[in-house]
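Heads up: the structure comes next, in structure tokens.
Number of protein chains: 2
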Amino acid sequence: MKVGLDVGGTKTDAVAVDDSGTIVGRVRLATGWGADAVTATVLAAVRALGTDAGVDVSAIRSVGVGIPGQIDPGTGRVSHAVNLGVEELDIVAATAPHLGVTVGVENDVKAAALGAYALHGGSGSMGYLNVGTGIAAGIVTDGRLWRGARGTAGEVGHISVDPNGPLCRCGQFGCIEAFAGGGSIAERWGKAGALPVRDVFDAADAGDPLARELRGGLARGVAAAIRVLVLTADVDVVVLGGGVTALGDRLMSDVTAELAASAEASAFMRSLRLEDRVELLPAGSPAAALGAALVGASRDTEGALAHG
Amino acid sequence: MKVGLDVGGTKTDAVAVDDSGTIVGRVRLATGWGADAVTATVLAAVRALGTDAGVDVSAIRSVGVGIPGQIDPGTGRVSHAVNLGVEELDIVAATAPHLGVTVGVENDVKAAALGAYALHGGSGSMGYLNVGTGIAAGIVTDGRLWRGARGTAGEVGHISVDPNGPLCRCGQFGCIEAFAGGGSIAERWGKAGALPVRDVFDAADAGDPLARELRGGLARGVAAAIRVLVLTADVDVVVLGGGVTALGDRLMSDVTAELAASAEASAFMRSLRLEDRVELLPAGSPAAALGAALVGASRDTEGALAHG
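These protein sequence lines map, in sequence, to chains A and B.
Using my numbering, read the first sequence as starting at 7 and increasing by one per residue.
Using my numbering, read the second sequence as starting at 7 and increasing by one per residue.
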């Protein structure tokens with residue numbers, strides 16, 4: 007039995023996975039704020055799998071944690087997990103002694119990529135594009151996460167696709183993330199709301215010019231990221247996940263229209279059949295927690311899932 | 007002994023490589039036009055290694071051919087090699103019976119990527135960016151060519167980086183190739199010359215406004231391709247090769263300045279240290295022919311150099 011946790015900014019999703027890869031238990035709980043509270047959340051989530059989901063916790067052999075921050079490769083150190091109020095935390099050192107099993111940690115987008123890949127059948131290659139506050143991708147091929155030389159593989163959000171585009175928080179203009187990141191859209195929209203991007207879509211439907219511009223930019227940015235992933239890494243399929251994808255078909259139809267427009271203009275782009283290669287991760291998918299479980303288990307098996 | 011040929015639009019570069027990987031003979035000859043003449047060029051180049059470079063042709067075990075066209079994976083079929091006047095040619099079927107050894111064929115940019123990687127020390131990961139008539143890259147990691155799912159990995163030339171940029175021959179606007187491909191620059195410059203891009207640089211130095219714009223676009227396009235390769239695949243190093251790189255330091259200083267400008271604007275880009283990760287393939291490098299030799303030899307050894 008392996009356990010995986012997706013520690014998000016508001017909620018933590020926990021799954022227990024048996025040796026056949028089947029999810030046999032799942033719980034969600036609120037994520038605490040700050041290093042100590044995040045550590046406590048991890049421990050509480052594992053306990054809750056036993057108490058609330060009937061999982062035999064004595065059978066757990068590994069715990070994997072997906073977390074929205076930078077991970078120091080080969081260690082348990084997390085840094086800059088700003089959405090969790092964590093500047094520095096060795097999550098492995100903080101939790102493994104209490105859990106008594108192997109603990110592994112991975113960036114949440116990379117963990118979700120591994121999970122989405124497993125849910126997709128576990129063969130070929132996939133780019134998992136996370137459209138959340140920011141934009142980043144995880145590339146998985148032959149079951150392995152593509153990390154790259156220095157851990158920045160998949161950072162497609164900071165590729166500029168328009169020198170006259172909006173200023174990105176990274177300092178460049180026209181980054182994919184400046185167009186399509188939920189944080190950038192919310193900031194430019196400037197009105198509070200639970201899911202500002204949904205408000206933007208609604209206002210665009212009602213004809214608001216700024217909302218239409220922002221909505222168009224979202225589709226442009228996501229389509230650009232899909233093209234980058236296919237033209238550079240030539241992944242079989244691009245799976246879209248992350249908070250903004252809660253918009254579902256409303257987002258997908260915009261993105262598909264954008265891809266269709268470039269296919270219309272270009273025989274080369276048409277030959278790539280991008281529209282057929284994009285999928286949406288279903289709402290409520292356990293991909294991120296499942297991927298974290300795979301990461302945790304791989305710590306026991308020579309890191310088979312993650313290579314340089 | 008293995009032989010590699012880089013069949014270019016005007017010249018064919020041939021090398022013989024001994025079992026230690028050392029180039030023991032090299033000849034260049036003019037490339038014929040059309041399928042039959044290209045076939046004859048391949049045969050003549052192998053003969054010339056014996057007659058002109060003193061290579062013991064009886065010791066040759068394999069011949070690899072790098073060619074500027076689409077290669078049907080796992081076969082010897084080349085298509086759309088427009089610079090050679092070849093629409094369709096099974097170069098393996100046409101030459102192997104005459105040569106009496108294993109023959110392999112690879113796209114010239116991918117072959118050059120393998121060769122550049124070997125010359126660079128043969129470890130880590132590399133993006134080889136070919137800046138020629140068009141723009142394309144080959145990605146090599148752990149000694150293997152990254153092909154992707156459908157053979158389009160590295161086609162970074164057709165990523166648009168400016169919706170208001172020049173029309174690309176592919177039909178999109180603002181593709182990296184539309185900015186930085188030698189063919190696009192020559193077309194927009196509109197004046198004949200042996201190396202139009204050199205004329206553009208000279209005219210830009212003399213203050214010509216169009217030339218300055220084209221020269222600036224070249225640096226922007228190459229810098230964008232470097233960022234795409236590092237942000238998506240996170241290769242250790244990007245090596246620039248291809249006809250346009252004959253401009254040497256004049257090109258490199260422009261590209262470096264462009265990379266420095268984004269590093270100035272963005273702490274994130276600065277952290278990538280892109281300027282330290284870009285290199286120029288030396289003029290006259292045998293990389294492409296050497297890479298072709300590796301491809302030819304790999305046909306005998308389970309395709310160890312090339313995976314899906």
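Glycine included, each C-beta is placed from N, C-alpha and C at the ideal position.
Against chain A, the beta carbon of T158 of chain B has neighbours under 8 Å at V236, L237, D240 and L278, listed in chain order. Scanning chain B for C-beta atoms nearer than 7 Å to the C-beta of P169 of chain A yields D168, reported in chain order. Distance between T108 of chain A and L49 of chain A, taken at the CA atoms: about 13 Å. Taking all protein chains shown into account, A20 of chain A has 16 or more neighbouring C-beta atoms within 10 Å of its C-beta and is therefore buried. With the rule of 3 Cβ pairs closer than 8 Å, the region 8-19 of chain B does not count as touching the region 258-272 of chain A. Proximity of the region 244-263 of chain B to the region 118-128 of chain B meets the contact definition, three or more beta-carbon pairs being nearer than 8 Å. Going by C-alpha positions, A51 of chain A is about 54 Å away from D260 of chain B. Annotated three-state conformation of T101 of chain B is helix, per DSSP. By the 16-neighbour rule on beta-carbons within 10 angstroms, Q76 of chain B is exposed. In the DSSP assignment, S131 of chain A falls outside any alpha helix (DSSP H) and within the unbroken beta strand (DSSP E) covering S131 to V137. The beta carbon of V234 of chain B sits closer than 8 Å to those of V162, I165 and I182, all from its chain and outside the five residues before and after it, given in chain order.
Taken in chain order, the members of the region 212-238 of chain A whose beta-carbon sits within less than 9 Å of a beta-carbon on chain B are R226, A230, R233, V234, L235, V236, L237 and T238.
Within 8 Å of the CB of Q76 of chain B, no CB atom of chain A is found; the nearest one sits about 11 Å away. For the pair D282 of chain A and D58 of chain B, the Cα-to-Cα distance works out to about 53 Å. Comparing alpha-carbon positions, the option among B:W195, B:V92, B:G180 and B:A117 lying closest to L135 of chain B turns out to be B:A117.
For the options B:A142, B:R156, B:G110 and B:L280, the alpha carbon positioned closest to that of L278 of chain A is the one of B:R156.
At a cut-off of 8 Å, the C-beta of S304 of chain B has no neighbouring C-beta in chain A. Taking 8 Å as the threshold, the shortest C-beta distance from I165 of chain B to chain A falls below it. For V284 of chain A, the closest of A:V301, A:L253, A:A229 and A:L296 by C-alpha to C-alpha distance is A:A229. Runs of beta strand (DSSP E) with 3 or more residues, each lying fully within the region 273-299 of chain B, are found at 284-286, listed in chain order. Annotation for W152 of chain B: the continuous beta strand (DSSP E) segment containing it runs R150 to W152. The secondary-structure analysis by DSSP pairs S68 of chain A across a beta bridge with A:K8 and A:T108.
Note that the region 206-219 of chain B does not touch the region 126-146 of chain A; fewer than 3 beta-carbon pairs, one per stretch, sit closer than 8 Å.
Fully enclosed alpha helix (DSSP H) runs of no fewer than 4 residues occupy 182-186 and 188-195 of the region 166-201 of chain A, in order along the chain.
About 5 Å separates the beta carbon of G140 of chain B from that of G187 of chain B, a gap short enough to meet the 8 Å contact definition. If you keep only unbroken alpha helix (DSSP H) runs of at least 4 residues inside the region 21-64 of chain A, you get 41-57. As the crow flies, the alpha-carbon of V71 of chain A is around 15 Å from that of P103 of chain A.
When secondary structure is reduced to three states using DSSP, A303 of chain B falls in the helix class. The alpha carbon of L286 of chain B has as its nearest neighbour, out of B:L265, B:V243, B:A303 and B:R276, the alpha carbon of B:V243.
Among the CB atoms of chain A, none fall inside 8 Å of the CB of F185 of chain B. Taking a beta-carbon distance threshold of 8 Å, S268 of chain A counts as an interface residue toward chain B. Straight through space, the alpha carbons of F179 of chain B and P169 of chain A are spaced by roughly 13 Å. Proximity of chain B to S272 of chain A at the Cβ level (cut-off 7 Å) is accounted for by C176, G177 and Q178, in chain order. Per DSSP, the beta bridge partners of S85 of chain B are B:Q76 and B:E94. When only Cα atoms are considered, T45 of chain A and V167 of chain B end up about 42 Å apart. Taking each of A:T251, A:V236, A:F185 and A:D78 in turn and checking the Cα distance to L220 of chain A, the smallest one comes out for A:F185.
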